[in-house]
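A.B. asks: Please read through the structure below; I'll follow up with questions.
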Amino acid sequence: MSVLDDLKMIHERDAQDALGVALNQWQQLKETYNLPQIEGHFDNIVYAGMGGSSLSASLSQTWPGHKLPFEVCRTYDIPSYVTNRTFFICCSFSGNTEETLSALAQAEAKNAVIVVITNGGKLAEIAQTKGYPLAKLPNIPQPRYATLAILKAVVEALAAASLCDSSCVTDLEDYAEELKTQLDKYRPDVPTASNPTKQLAQELVGSSVVVYASSLFYPI
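Position in the sequence shown (from 1) plus 141 gives the number in our numbering.
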């Protein structure tokens, strides 16, 4: 038996069940955040987020894309061009990321139009106190495992501000079942003989892996 088919060994090496989280990511596309309609005339979009909380911002540049100039802010300070005509998405999974909270305070000082994406913490408290549209993320072990949940929230926020077609939201929901079907092929209990990911892992043993991608696919 291939070591890749030894479920006991897999569970011992994957004590936090990262594989299980990955296999259930399709469910994140079913999340609904019920954001209100956001009025405004915008010149640009700025997304403030760090680490795993910023991955979905990069994905959004590939799909659905942006009608306006878009920048990801991964630092304490926001771009100098931010004004009251900036659509400002503030995302921290924990809600306590220092850099993101700093960026939010600066965006407030510029009177930017603010949307918050978080699981809780100080960021959720600020959003609730000040009445900012809030996409409350589901409980997920780590931010990088929440990429699709955050992407869904980003797309809902863009649609609420008429910065992407509302059909993009339903497109993600419709894709959830297709993603589930595809992921079922890669489950740990699917034998190597029928599992493309295990076969690829065997081919790569002893090799140095370099991933090359076009600008369209690099965020993935």
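The C-beta atom is built at its ideal place from N, Cα and C for all residues, glycine as well.
1) With a threshold of 7 Å, establish whether the CB of SER235 neighbours any heavy atom of the ligand SAH.
2) Measure the alpha-carbon distance for VAL351 versus THR311 and round it to whole angstroms.
3) Does the contact criterion of 3 or more C-beta pairs under 8 Å hold for the stretch 155–173 versus the stretch 324–341?
4) Determine whether the beta carbon atoms of ILE281 and ALA290 lie at a separation below 8 Å.
5) Tell me the residue span of the alpha helix (DSSP H) that contains VAL114.
6) Which whole-angstrom value is the C-beta distance of ALA189 and ILE151, which I expect to be below 8 Å?
7) Between GLU344 and ASP147, what straight-line distance do the alpha-carbon atoms span, to the nearest angstrom?
8) Evaluate ILE186 with the Cβ neighbour count: other Cβ atoms within 10 Å of its Cβ, from every protein chain shown; 16 or more gives buried, anything less gives exposed.
9) Just curious, the alpha helix (DSSP H) that ILE151 is in, first and last residue?
10) Unbroken beta strand (DSSP E) runs of length 3 or more, entirely within the stretch 169–232: which are they?
11) Can you tell me the Cα-Cα spacing of SER335 and VAL144, whole angstroms?
12) Report yes if the CB atom of ALA301 is closer than 8 Å to the CB atom of LEU170, and no otherwise.
13) Between LEU242 and LEU264, how many whole angstroms is the CB-CB distance? I'm expecting something under 8 Å.
C.D. replies: Reading it off the structure:
1) Here there are no bound small molecules, and the ligand SAH is not part of this structure.
2) As a first step, residue 351 must be located in the sequence shown, where it is residue number 210. As a first step, residue 311 must be located in the sequence shown, where it is residue number 170. Answer to the nearest angstrom: the Cα atoms are 35 Å apart.
3) yes
4) Taking the first residue of the sequence shown as 1, we reach residue 281 at position 140. Taking the first residue of the sequence shown as 1, we reach residue 290 at position 149. Yes, they are a contact pair.
5) Here the chain covers residues 142 to 361 and nothing more, so residue 114 does not appear.
6) As a working mapping, residue 189 is identified with position 48 in the sequence shown. As a working mapping, residue 151 is identified with position 10 in the sequence shown. Not really, about 37 Å apart at Cβ, beyond 8 Å.
7) Against the sequence shown, residue 344 aligns to sequence position 203. Against the sequence shown, residue 147 aligns to sequence position 6. About 18 Å.
8) Position 45 of the sequence shown, counted from the start, is the residue given in the question as residue 186. So ILE186 ends up on the buried side.
9) Translated into the one-based positions of the sequence shown, residue 151 becomes position 10. Run containing ILE151: 148–154, per the alpha helix (DSSP H) assignment.
10) 185–189, 211–214
11) To locate residue 335, count along the sequence shown from 1; it is residue 194. To locate residue 144, count along the sequence shown from 1; it is residue 3. Cα-Cα distance, rounded: 15 Å.
12) To locate residue 301, count along the sequence shown from 1; it is residue 160. To locate residue 170, count along the sequence shown from 1; it is residue 29. Going by C-beta atoms, ALA301 is not nearer than 8 Å to LEU170.
13) As a position in the sequence shown, residue 242 is number 101, starting the count at 1. As a position in the sequence shown, residue 264 is number 123, starting the count at 1. That belief holds up - the Cβ atoms of LEU242 and LEU264 are roughly 7 Å apart, short of 8 Å.
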